[in-house]
Amino acid sequence: MLPLTEKKIALTIKEMESGLGRIRDLSISIGKLSAADWTEPEGPTPYPSLTALRTWDRTLLSRYQPFYMPFCDLCCLCTYGKCDLTGTKKGACGITMPAQQSRTVLLSACIGAATHTSHARELVTYAIKKAGRDCPINPGGNAIGVEAPIIRLVCGEKPEILADLETVLDYCESQITALLAVTHTGQEGDPLDFESKVLHAGMIDHVGMEVADLAQISALGYPKADPDAPLVALGMGTVDTTKPVILVIGHNVPPSVAIIDYLHNENLSDHVEVTGICCTSIDATRYSPRAKIIGPMSWQLRYIRSGIPDVIVVDEQCIRTDALAEAEAIHAPFIATSEKNCLGLPDRTNDTADAIVTDLVGGKLAGVLILDPEKAGEVAVRVARTVAPARKNVRASTDPATIREQVTACTQCRLCQRACPNDLKIPQGMKAAGAGELSLLAGLYETCVGCGRCEQACTKKIPVHSLIVAAAAERIKNEKFVIRTGRGAIQDIEIRNVGGPIVLGEIPGVIGFVGCANYANGGKEVAEMSVEFAKRRYIVCTSGCTAMSIGMYRDEEGKTPYEQFPGSFSAGGIVNVGSCVANAHIAGATIKIASVFARRNLRGNYAEIADYVHNRVGAVGVAWGAMSQKAAAIAAGFWRLGIPVVVGPHGTKYRRMLLGRADHDADWYVHDQRTGEDVYAGPAPEHLFVAAETKEEAMVLVAKLCMRPNDTTRGRAMKLTHYIDLSQRNLGTIPDDIPRYVRTTADIPVTLKGEITRILAQSDWKERPIPDPTLLSRDKPSPPKER
Amino acid sequence: MLPLTEKKIALTIKEMESGLGRIRDLSISIGKLSAADWTEPEGPTPYPSLTALRTWDRTLLSRYQPFYMPFCDLCCLCTYGKCDLTGTKKGACGITMPAQQSRTVLLSACIGAATHTSHARELVTYAIKKAGRDCPINPGGNAIGVEAPIIRLVCGEKPEILADLETVLDYCESQITALLAVTHTGQEGDPLDFESKVLHAGMIDHVGMEVADLAQISALGYPKADPDAPLVALGMGTVDTTKPVILVIGHNVPPSVAIIDYLHNENLSDHVEVTGICCTSIDATRYSPRAKIIGPMSWQLRYIRSGIPDVIVVDEQCIRTDALAEAEAIHAPFIATSEKNCLGLPDRTNDTADAIVTDLVGGKLAGVLILDPEKAGEVAVRVARTVAPARKNVRASTDPATIREQVTACTQCRLCQRACPNDLKIPQGMKAAGAGELSLLAGLYETCVGCGRCEQACTKKIPVHSLIVAAAAERIKNEKFVIRTGRGAIQDIEIRNVGGPIVLGEIPGVIGFVGCANYANGGKEVAEMSVEFAKRRYIVCTSGCTAMSIGMYRDEEGKTPYEQFPGSFSAGGIVNVGSCVANAHIAGATIKIASVFARRNLRGNYAEIADYVHNRVGAVGVAWGAMSQKAAAIAAGFWRLGIPVVVGPHGTKYRRMLLGRADHDADWYVHDQRTGEDVYAGPAPEHLFVAAETKEEAMVLVAKLCMRPNDTTRGRAMKLTHYIDLSQRNLGTIPDDIPRYVRTTADIPVTLKGEITRILAQSDWKERPIPDPTLLSRDKPSPPKER
Amino acid sequence: MPAADPWQTAEIAGPKKASVITKPAMAQAVIHRAQHPVLIIGHYAATIDIGERKLVDYLLDLARAHAIPVIATGHVNRTLKERGYTGAVIMPAVEAGHRIADPCWNGPDGKGPCDLAIIAGLPYPMEWTLLSGLKHFAPYMKTITLDNTYQPNANWSFANIPVKEWQENLEAITVTIGTEGQTDV
Amino acid sequence: MPAADPWQTAEIAGPKKASVITKPAMAQAVIHRAQHPVLIIGHYAATIDIGERKLVDYLLDLARAHAIPVIATGHVNRTLKERGYTGAVIMPAVEAGHRIADPCWNGPDGKGPCDLAIIAGLPYPMEWTLLSGLKHFAPYMKTITLDNTYQPNANWSFANIPVKEWQENLEAITVTIGTEGQTDV
Ligand code: SF4
Ligand code: SF4
Ligand code: SF4
Ligand code: SF4
Ligand code: SF4
Ligand code: SF4
Ligand code: SF4
Ligand code: SF4
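Residue numbers (this note's numbering), protein chains in the order written: chain B, 16 to 802; chain X, 16 to 802; chain F, 416 to 600; chain E, 416 to 600.
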């Protein structure tokens with residue numbers, strides 16, 4: 016039976032006779048979420064349809080134009096193809112290359128939004144089962160008034176209990192279905208309309224993420240908006256390998272919860288190590304700080320191949336699709352737990368734990384599918400405890416001699432390097448290793464993202480990645496770090512406290528480091544960048560794999576960033592909100608600035624709030640090692656709020672940038688709500704989506720992109736100080752666009768007064784007013800209210 | 016506000032006091048569709064989850080193995096890529112080539128299912144607006160007892176009113192979202208699990224299609240399961256070009272309905288031609304037989320470029336994405352009407368019809384977006400009537416002299432031919448045309464699918480397609496045909512009548528020609544095939560563009576197949592069910608054979624019914640010019656029912672076939688429900704998805720694939736007769752696999768007794784029992800009941 | 416070896432591409448070396464003119480000269496019978512591909528797994544996809560196409576060559592087949 | 416002209432591929448012919464060794480010899496300044512691509528739309544995608560890369576050549592630049 020049959024119901028009956036004989040004023044509302052006492056007036060676009068925010072999207076897209084960089088000249092999406100779309104050529108369906116690229120972006124964003132939404136559906140269903148339909152949504156107790164800023168903003172609803180979230184998900188699913196339909200051959204043809212739909216998909220993605228994290232925070236007792244969320248162990252070096260070790264990989268926490276619960280109930284918590292990779296591990300530590308985080312997704316191969324895990328449990332998302340084969344190679348029993356990731360395994364859900372344990376321990380089965388988290392949890396623990404003793408003896412580590420022996424086969428053909436996404440100089444490492452010098456090979460460990468493509472390419476079947484890892488064995492032992500686990504949402508009081516400083520400029524920006532840092536050196540670079548900005552007293556937010564990468568770093572005193580900086584949403588804080596779905600809290604924080612601090616109405620009022628955020632909240636997202644479709648969707652959700660996103664060089668593979676033209680003055684006028692006039696406000700922020708080539712370039716960009724038309728002179732001076740300083744240090748020069756950002760002489764940082772005054776004098780700079788800025792034209796009819 | 020707030024509610028209260036003071040036995044069920052009087056017991060899998068039918072899928076897939084034919088060596092789905100997956104190489108996420116190909120198929124199937132489901136959502140919302148939430152679902156009045164076989168089978172629900180369909184769509188959307196999530200990087204890794212999910216997507220697609228057609232039939236008064244649905248005009252030659260001409264393109268009928276209504280209300284029906292391309296046109300003729308069908312989607316360029324349409328109205332799906340540019344080229348005002356296809360046009364939904372008409376007529380705007388079908392209808396008519404008189408004078412036709420002039424630029428570089436999906440010998444046509452001989456060029460018209468890629472490739476900018484069309488001007492004038500418009504569902508009485516003959520073999524099979532015939536000669540070939548099988552007294556079903564292609568054909572007496580054969584679901588009938596979404600009725604008919612004829616329970620009883628259909632109903636689908644993602648989803652829906660699908664040579668681009676191995680005897684055992692034994696039943700049907708290279712090969716295959724284990728000896732003899740006869744005529748020989756299909760000597764066709772007895776004698780043939788067949792193992796636990 | 420592009424411009428395959436047959440001896444050597452070749456003849460072979468003859472005639476010459484078992488796809492068997500060739504196994508091209516990719520299949524003649532598929536006369540995109548299936552999933556065997564269009568997914572293919580050059584090649588291949596193939600390919 | 420494959424094996428582009436620079440004169444001719452070339456220098460130029468010098472040194476030779484305006488991407492400007500070159504315009508590579516693709520943009524020096532982009536020193540996949548953007552959307556200009564890896568999306572690129580060969584080419588190009596380019600490309 017559909018969960019629909021249990022949807023929230025509000026029933027009011029004024030008069031009635033029994034047996035349904037007479038009824039008067041019977042009012043039943045189903046799926047009506049908003050609390051009766053929510054008096055906030057409804058804005059123009061609750062539950063927006065595909066085009067309801069098209070006007071706002073076009074406003075953004077006319078400033079921030081797509082620059083397409085096709086990743087293939089062809090389209091192969093239907094059997095008419097492949098079609099050659101080079102240049103101005105059209106496909107058999109009439110599509111042009113710009114439309115094809117934006118269509119591909121939409122497809123990615125749909126996959127991303129679907130992934131989060133489907134995950135949210137799993138979590139809500141699970142949370143309801145665990146805590147009941149009436150379990151209140153509670154991300155932070157009294158500290159939080161606006162419990163679901165994105166849902167309020169997008170859906171115009173105020174969810175109160177878990178069951179309310181189901182209706183929100185119905186909406187998300189219907190939008191995703193419609194958006195996916197748009198990618199069908201012979202539908203949308205205009206690139207900007209595709210882009211508008213990308214933004215819609217991104218917005219839906221954020222709704223889905225918010226639902227997901229609200230559900231698990233509420234039902235599982237995670238830290239509730241807690242700046243002092245516990246510090247937990249991070250890194251392969253933290254694992255006590257004398258104990259049985261369970262590895263969980265993925266994003267959907269229920270199996271991990273079941274493992275932890277089972278251990279607790281059986282008094283085994285001290286006797287088994289629960290270790291995790293990817294977001295599941297963060298969420299496991301939100302549930303129990305005893306769990307250990309191994310590292311980001313790129314740690315999968317190296318950790319499995321270490322032989323340490325005695326049992327591997329996977330759920331969904333970002334799991335290597337060859338995880339089963341890798342587990343088999345180390346003879347670790349394997350448990351899949353998600354309908355979305357069955358890996359061809361026999362479904363043992365309906366068998367007894369005893370029977371399953373027997374088959375796994377006896378080696379009758381290499382792996383099983385168990386679609387019942389509790390059963391999976393019990394089986395995982397029991398199997399781990401049974402197989403561990405024997406496995407401890409066989410854990411193979413490749414010694415230097417073996418490495419040298421294996422590398423001798425290398426012909427220096429360079430195919431491994433040509434397959435490596437990071438173009439790593441593997442052949443040189445092989446050569447040196449052959450000559451007895453392992454340091455070059457070991458050095459690759461830092462930049463290797465563990466994708467295994469090198470091994471696939473090697474015609475000599477050299478286990479390249481394994482050798483790199485083996486050569487780096489010492490470093491790995493020292494992978495002992497801490498990370499502050501996911502705190503969840505931002506408190507209203509925090510928002511109130513920083514609202515002023517952000518506007519005044521004591522806080523020059525809010526920077527979110529999100530996604531995974533899967534790029535050569537990407538982990539180290541996000542750590543360095545976050546420390547740099549935290550030191551400069553920006554608010555640094557992070558989540559997911561990037562949050563782990565930040566933790567894998569030490570300052571001179573050996574402190575990780577989480578030990579060095581507070582976890583509060585305040586100047587100089589490094590705020591780990593949680594797993595990937597917790598990204599919603601970062602977007603939510605910017606929205607809450609409009610609501611809690613500036614008292615704007617959120618309810619179904621998307622365009623106004625996005626306009627507020629875009630013009631006033633100096634937030635920038637950084638997805639350094641951008642990789643998956645989820646990342647595309649997350650970024651799109653930020654774009655629709657007008658928040659710029661910077662990606663690393665690999666991010667150019669997302670098919671397009673959204674770039675402003677600082678040299679087109681006309682693009683940068685805003686309406687001044689005080690005077691009603693259009694005022695040049697400078698290219699602030701200059702881009703909506705831009706790839707940086709290096710960490711140094713990224714930092715300068717980020718500092719620049721934090722500027723907003725609404726900055727006070729004090730705020731602007733502060734932001735310019737950082738921008739100029741970062742530019743001087745990293746690019747060796749004062750940026751040449753300073754005149755665009757100086758509105759009045761009061762904007763000029765005191766320390767640079769002379770220099771900047773000289774620059775302004777050499778340009779045709781004129782003082783100009785500081786507007787009360789908006790991009791919304793009040794004259795134009797508001798978009799139709801649909802759906 | 017969500018439509019959810021208006022979901023169907025069943026309320027029962029036994030006792031209560033006013034003011035909600037005391038309530039007893041209050042039962043409210045929301046989204047509960049099934050009529051209270053529906054006593055059919057519920058099967059094991061109502062609303063099946065992603066894995067609920069995995070066991071059934073694996074049963075099919077173990078017989079019908081995927082043979083992957085990668086359409087590209089690479090994967091480019093995330094920014095880790097591109098990854099080289101050649102051979103056994105794995106991508107950076109660990110994926111293998113078979114998994115990647117099946118993942119791509121899943122992506123296509125998701126897009127297809129989303130397209131139908133989103134379309135269904137539009138239609139249900141529209142139908143409810145038009146006819147009310149309580150409008151009964153009525154596909155055929157008293158003639159139909161099982162109103163929604165697919166919904167009953169899949170969802171375990173019995174929908175009664177339009178509102179009931181919304182809950183069904185909620186389910187579809189949630190499944191599509193989950194399935195799409197499966198395509199995310201790092202989820203499913205097993206090819207067969209991907210394939211199982213493809214089948215799930217196909218099943219959902221069929222639910223979506225059924226919802227869509229039930230909604231429009233019920234609300235718009237279409238023919239209701241009417242074998243004598245009207246014959247309507249088909250072909251460019253049928254248009255009265257002296258009148259203003261409106262062209263509608265797409266699939267979503269509301270704008271067409273509005274045009275027809277407006278004409279009717281204004282007494283203009285005689286004064287304006289309503290012409291259409293693609294399914295919208297079929298549905299327009301279901302609404303009003305005065306509307307005219309121009310042809311399949313491949314007629315878009317040729318018809319627009321003829322200059323005949325005075326106004327072009329597009330909705331969604333299968334519309335050339337350059338339709339706006341083509342419309343502009345002939346100065347025909349353009350109206351887009353779908354959120355899914357906005358084409359960058361200004362949204363004028365909230366403006367008055369007067370204002371929009373003025374802007375379109377005055378040429379101020381080339382096109383507009385109007386998201387209100389009624390308004391779009393009015394505007395279309397008024398604009399057409401205003402602009403038509405002037406446009407009649409400018410309609411350009413390219414005369415032979417102009418053609419000869421234009422072809423002189425041709426360098427015989429052959430780039431056009433190399434771009435042509437059908438490898439047409441355009442350069443030869445150009446050469447001959449240059450020499451004054453147009454017949455070669457004109458001859459290409461028959462095989463050209465109007466994709467325009469030739470023009471895109473020509474470095475001399477020769478308008479190749481236009482010249483082909485111009486050269487064929489005479490033929491086009493003669494495109495005057497008729498088609499029996501879509502009748503909708505199949506009546507229960509028809510099912511009862513054919514159930515016996517199908518089992519007895521008087522009717523050797525049910526063949527569905529679906530999709531679009533976009534392949535060189537594809538249209539002609541589907542017509543010939545359907546006539547051939549109708550003559551042989553198979554039941555021929557068709558829909559969509561293929562139904563049009565079948566109509567564009569005449570026998571020696573000049574009759575189209577629709578004039579030659581009846582429209583009833585009976586031996587020798589050619590049954591046009593309607594537009595693409597009406598394909599649900601073809602699948603539905605096979606399900607109804609199990610239900611209405613064989614009295615099996617449908618309710619949530621998928622595996623048993625699919626097993627019935629697979630083993631007993633000799634149905635085969637043919638999608639000759641397979642093209643879009645929808646076609647992939649439709650095919651997958653048939654596969655899950657165990658119905659084989661034959662595609663044309665382009666169909667190999669779907670990335671894989673599902674092929675049986677006739678030479679593996681062990682694959683073809685079925686359980687005999689009478690004896691409990693496993694019995695060799697022959698490879699019947701031999702394949703689930705197979706591409707034929709030619710029409711001739713396809714016909715032999717289709718005849719063979721109609722055989723089923725349950726065939727009576729009389730039925731088998733009849734089927735063998737056709738199989739052998741078609742093979743002899745087309746392949747010049749008796750097939751060598753006859754011994755596999757002859758179970759007892761009674762199976763041997765009388766006319767071929769001697770020959771076949773000889774063949775059997777030369778093989779190691781032995782008589783064997785005819786089973787009461789099933790592939791379901793009663794011993795194995797039934798799949799878990801989830802969701 | 417000269418570069419070659421897919422005949423249908425957009426049908427790019429990927430990193431692994433067919434070697435171009437630049438002279439008949441290459442093809443001869445490939446065919447000669449095979450223990451269990453199979454010849455797949457598509458229906459276009461019956462209609463494509465090469466000089467006075469059809470493609471199918473050259474292919475049958477080859478089959479007969481080397482006793483190569485034939486799989487007839489489409490409806491080409493009708494033509495084979497007209498030519499007096501009755502030994503072909505009839506099956507759809509994709510079914511042939513599926514079986515050939517199975518290292519346990521004993522070939523159309525039951526004599527053992529195929530180690531070389533010689534393919535010609537199929538519609539270009541169908542041959543392309545079929546060869547792709549074999550390229551990826553039949554690692555134990557090789558493929559060669561004798562069409563005059565470049566098929567990147569084969570192991571060996573002609574470039575896109577004119578009919579005359581094709582004819583010369585085919586004549587050389589079919590005439591001298593059976594003699595030692597000397598060229599290293 | 417020899418065939419060339421993308422340096423990163425899987426980065427196949429499509430039907431339109433770069434002509435391979437087989438001798439310095441080709442590159443010279445291309446550069447010489449340009450009215451408004453622009454030189455985009457990526458950050459790797461500062462780290463890649465070519466003999467005793469860095470790639471950036473060759474590129475600056477070129478810029479200086481031909482007075483080609485320079486766009487410095489990444490953080491390479493720091494190195495340019497160390498080399499005494501202060502005239503570079505600093506912008507992210509993708510922003511440079513976006514502007515260059517605009518036929519109304521007057522180039523980094525304001526002297527007119529670019530008709531040739533000379534690119535080197537970017538991360539391979541980033542350069543690949545950037546060149547793809549220009550290939551498709553900047554029809555009025557040409558692109559050449561001076562890296563020693565084949566970039567299929569440029570109009571001209573070296574094949575994947577060893578450093579020594581690269582060095583010889585770069586020396587020839589930068590030394591003789593400004594003299595008549597004679598080779599037909
Ligand atoms: S779009 Fe991707 S899968 Fe398609 S041809 Fe290009 S690289 Fe291959
Ligand atoms: S979707 Fe369009 S461009 Fe892509 S393959 Fe199909 S017809 Fe060609
Ligand atoms: S595993 Fe490491 S070295 Fe190997 S290809 Fe991937 S990133 Fe490069
Ligand atoms: S691919 Fe293998 S053999 Fe070639 S250089 Fe790399 S490690 Fe050596
Ligand atoms: S999805 Fe996997 S195979 Fe495809 S590009 Fe990404 S990492 Fe590579
Ligand atoms: S329009 Fe016709 S001739 Fe031209 S490429 Fe398409 S099918 Fe071939
Ligand atoms: S592409 Fe143009 S020039 Fe070349 S053969 Fe075709 S029509 Fe002639
Ligand atoms: S048959 Fe094909 S082209 Fe025609 S309307 Fe249906 S899906 Fe579209």
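Quick reminder that beta carbons are idealized off the backbone N, C-alpha and C, glycines included.
Which residues neighbour ligand 4 when neighbourhood means a C-beta less than 6 Å away from any of its non-hydrogen atoms? List them by chain order.
Here the list is B/CYS425, B/THR426, B/GLN427, B/CYS428, B/ARG429, B/LEU430, B/CYS431, B/ILE441, B/PRO442, B/MET445, B/ALA472, B/CYS473, B/LYS475, B/ILE477 and B/VAL479.
Measuring only the C-alpha atoms, how far is B/LYS476 from X/SER643?
Walking along the first sequence from the start, residue 476 of chain B turns up at place 461. Walking along the second sequence from the start, residue 643 of chain X turns up at place 628. The alpha-carbon atoms of B/LYS476 and X/SER643 are separated by roughly 40 Å.
Starting from the Cα of B/PRO270, find the closest Cα among B/ASP99, B/VAL326, B/ASN536 and B/LEU482 and give me that residue.
Here the question's residue 270 of chain B lines up with position 255 in the first sequence. Checked all of B/ASP99, B/VAL326, B/ASN536 and B/LEU482; the closest Cα to B/PRO270 is B/VAL326.
Measure from the alpha carbon of X/PRO245 to the alpha carbon of each residue in X/ARG167, X/ASP298 and X/ILE191, then state which is nearest.
Looking up residue 245 of chain X in the second sequence gives position 230. Residue X/ASP298 is the option with its Cα nearest to X/PRO245.
Flag this pair as touching only if the stretch 624 to 632 of chain X and the stretch 653 to 666 of chain X have three or more C-beta atom pairs under 8 Å; answer yes or no.
Verdict: yes, contact present.
Measuring only the C-alpha atoms, how far is F/HIS487 from F/HIS458?
Mapped onto the third sequence, residue 487 of chain F falls at position 72. Mapped onto the third sequence, residue 458 of chain F falls at position 43. Note that residue 487 of chain F is Ala in the sequence shown here, rather than His. Spanning the two alpha carbons is a distance of roughly 8 Å.
Against chain F: residues of the stretch 91 to 123 of chain B by CB proximity under 8 Å:
Within the stretch 91 to 123 of chain B, the qualifying residues are GLY96, LYS97, CYS98 and ASP99.
With a threshold of 7 Å (Cβ to nearest heavy atom), would X/LEU92 be considered close to ligand 5?
For the purposes of this step, residue 92 of chain X is taken as residue 77 along the second sequence, with counting starting at 1. X/LEU92: yes, Cβ under 7 Å from ligand 5.
Going straight from the alpha carbon of X/ARG433 to that of F/PRO507, what length do you get?
Position 418 of the second sequence, counted from the first residue, corresponds to residue 433 of chain X. Position 92 of the third sequence, counted from the first residue, corresponds to residue 507 of chain F. Going from the Cα of X/ARG433 to the Cα of F/PRO507 covers about 25 Å.
B/LEU430 touches chain F at which residues, Cβ-Cβ below 9 Å?
For the purposes of this step, residue 430 of chain B is identified with residue 415 of the first sequence, where counting begins at 1. For the C-beta of B/LEU430, not a single chain F residue is nearer than 9 Å; the gap to the nearest is close to 10 Å.
Can you tell me the Cα-Cα spacing of B/ARG676 and X/THR60, whole angstroms?
Residue numbering aside, residue 676 of chain B sits at position 661 when the first sequence is read from its first letter. Residue numbering aside, residue 60 of chain X sits at position 45 when the second sequence is read from its first letter. If you draw a straight line from the Cα of B/ARG676 to the Cα of X/THR60, it comes to about 56 Å.
Could you name the residues of the same chain whose beta carbon sits closer than 8 Å to that of E/LEU495, not counting the 5 residues immediately before and after it, in chain order?
Indexing the fourth sequence from 1 puts residue 495 of chain E at position 80. The residues are ILE456, VAL471, LEU475, VAL485, ALA487, THR501 and ALA503.
Establish whether the CB of E/GLY499 and some CB of chain F are separated by less than 8 Å.
Start at 1 with the first residue of the fourth sequence, and residue 499 of chain E comes out as number 84. No, its Cβ sits nowhere closer than 8 Å to a Cβ of chain F.
For chain B, check one thing: does any of its Cβ atoms lie closer than 8 Å to the Cβ of X/LEU358?
As a working mapping, residue 358 of chain X is identified with position 343 in the second sequence. Answer yes: the Cβ-Cβ gap between X/LEU358 and chain B drops below 8 Å somewhere.
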